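Sequential numbering of the sequence shown, starting at 1, is according to the UniProt record's numbering.
Where a beta carbon is used, it is the ideal one built from N, C-alpha and C, also for glycine.
No experiment lies behind these values; they were computed from the predicted model shown.
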Amino acid sequence: MCGRTACSLGAENLRRACAYRDSGGRRRQPEWIRGERYRPSYNKGPQSSGPVLLSRRHLQQDADSSERVLMDMRWGLIPSWFKNDDPSKMQFNTSNCRSDTMLKKSSYKGALLKGKRCVVLADGFYEWQQQQSGGKQPYFIYFPQTKDAVAEEKEGDEEWRGWRLLTMAGIFDCWEPPAGGEMLYTYTIITVDASKDVSFIHHRMPAILDGDEAIRKWLDFAEVPTQEAIKLIQPTENIVFHPVSTFVNNVRNNAPECIAPIELGAKKEVKATPSSKTMLNWLKNSQEGSPQKKENDLPRWTSQFIHSPSPKKTSANILQQWLGKEGEPAAKKRKA
């Protein structure tokens, strides 16, 4: 399943990170639709809004179906046929859609057969592992990152060198209030059986589209029919993960601490690894448009690592100080 995500890039960087080549081979960045509504967050839950990619033809009938746009939509699909005047009165959860039933359930079937396919964007997603003690340990799961993820941006750079976004397959729909009013765009994330490497955390995971060709086929509903597109919906092994603090359990907590690696059961200092350094450097460099947090709002678990607090430091500064002194664990990934 997918119950929480992080998407901390600012609106302009998010647009740059979604650059693609159109049917003519030209490099393009998707246009933001209602981009002023987008709010970066380290802790997005269902019923919040988040960024998705979709074909422009859904909004403009004469557009090339390969052209992409970015739109901020609410998480939790409301079918176009829903008759109640209050979408919050949906009697079942539509934040996730199982791949094995999406062509059977009326909430998703109609939208899917009409080609209403989207790509849900995130830095990564959170999942909770059930512990024998009765508690749950959260993990942050994301694409493997290269050193380019923290490369210095240069003026005039066309290529995005920042964090590689996780691209999850979704279905969207557009609901109009029975009494009239603004159209509501909502989405659901398609889920599949978990891949071998993450199945110990949870038995379900989002359907992840790995690479621009998979994204192109999923979005281009005019050229790629439904039955061909759904062949893309399968587990992927190309992901890494690390444990994070239970600070993320409260959806109101929205700071870099949510995705910061922790060492499980650590009783001594550990050395920083290349993968954890990439995470730290990305956190330091991804503050454009990112939410900030006052120091006195920081969770208690960070206090033991703060020896010389300063009222002007942000949570990212404190995170850097902690990681620099304590180190952090390597991200787990599939062995060759």
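{"Check": "Distance, S49 Cα to G3 Cα", "Outcome": "13 angstroms"}
{"Check": "A222 to K44 span [Cα, whole Å]", "Outcome": "31 angstroms"}
{"Check": "Distance between Y126 and M71 (C-alpha atoms, nearest Å)", "Outcome": "22 angstroms"}
{"Check": "Buried versus exposed call for E257 [16 or more other C-beta atoms within 10 Å across all chains shown]", "Outcome": "buried"}
{"Check": "Candidates E182, S8, D220 and G265, of which the one nearest E67 by Cα", "Outcome": "D220"}
{"Check": "Same chain, Cβ closer than 8 angstroms to I215, neighbours up to 5 away in sequence not counted", "Outcome": "Y20, L53, V119, T167 and L209"}
{"Check": "Closest by C-alpha distance to V240, when choosing among K217, V198 and K89", "Outcome": "V198"}
{"Check": "Identified DSSP bridge partners for M205", "Outcome": "V192"}
{"Check": "Residue nearest to Q91 in terms of C-alpha spacing, selected from P79, M102 and A255", "Outcome": "P79"}
{"Check": "Contacting residues, own chain, Cβ-Cβ under 8 angstroms from A6 (five flanking each side not counted)", "Outcome": "S41, Y42, N43, K44, A122, D123, G124, F125, Y126, F140, C258 and I259"}
{"Check": "Counted within 10 angstroms of its Cβ, other Cβ atoms place Q130 as buried (16 or more) or exposed", "Outcome": "exposed"}
{"Check": "Proximity winner among D62, I190, S88 and K217, relative to P206 (alpha-carbon distances)", "Outcome": "I190"}
{"Check": "Distance between P261 and T314 (C-alpha atoms, nearest Å)", "Outcome": "Residue confidence is low: T314 scores 41 on pLDDT, short of 50, so the model does not pin down where it sits. Its coordinate-derived value is still stated next. When rounded, the distance between both Cα atoms is 18 angstroms."}
{"Check": "Alpha carbon of L113 to alpha carbon of S55, nearest angstrom", "Outcome": "15 angstroms"}
{"Check": "Collapsed DSSP secondary structure at E288 in the structure displayed", "Outcome": "In this prediction, E288 has a pLDDT of 49, which is less than 50 and means its spatial position is unreliable; what the coordinates show is noted afterwards. DSSP places E288 in coil when its eight states are reduced to three."}
{"Check": "Cβ-based neighbour list, R16, same chain, cut-off 7 angstroms, excluding 5 preceding and 5 following", "Outcome": "Q29 and W160"}
{"Check": "Residue environment, A179, which counts as buried when at least 16 other CB atoms sit within 10 Å", "Outcome": "exposed"}
{"Check": "Counterpart residues of E71 in DSSP-defined beta bridges", "Outcome": "At residue 71 the sequence reads Met, which differs from the Glu that was named. Bridge partners of M71: I33 and V52."}
{"Check": "C-alpha gap between V251 and P46, whole angstroms", "Outcome": "10 angstroms"}
{"Check": "Buried versus exposed call for Q145 [16 or more other C-beta atoms within 10 Å across all chains shown]", "Outcome": "buried"}
{"Check": "Near the ligand NAD: E263 beta-carbon under 8 angstroms from a heavy atom", "Outcome": "Absent from the structure shown: the ligand NAD. Ligands present: none."}
{"Check": "Close beta carbons around Q321, own chain, < 6 angstroms, minus the five adjacent residues each side", "Outcome": "Low per-residue confidence applies at Q321: pLDDT is 44, beneath 50, and the placement is therefore not dependable, though the value from the model is reported in the following sentence. Cβ neighbours of Q321 beyond the five flanking positions: none."}
{"Check": "As assigned by DSSP and simplified to three states, the class of V119", "Outcome": "strand"}
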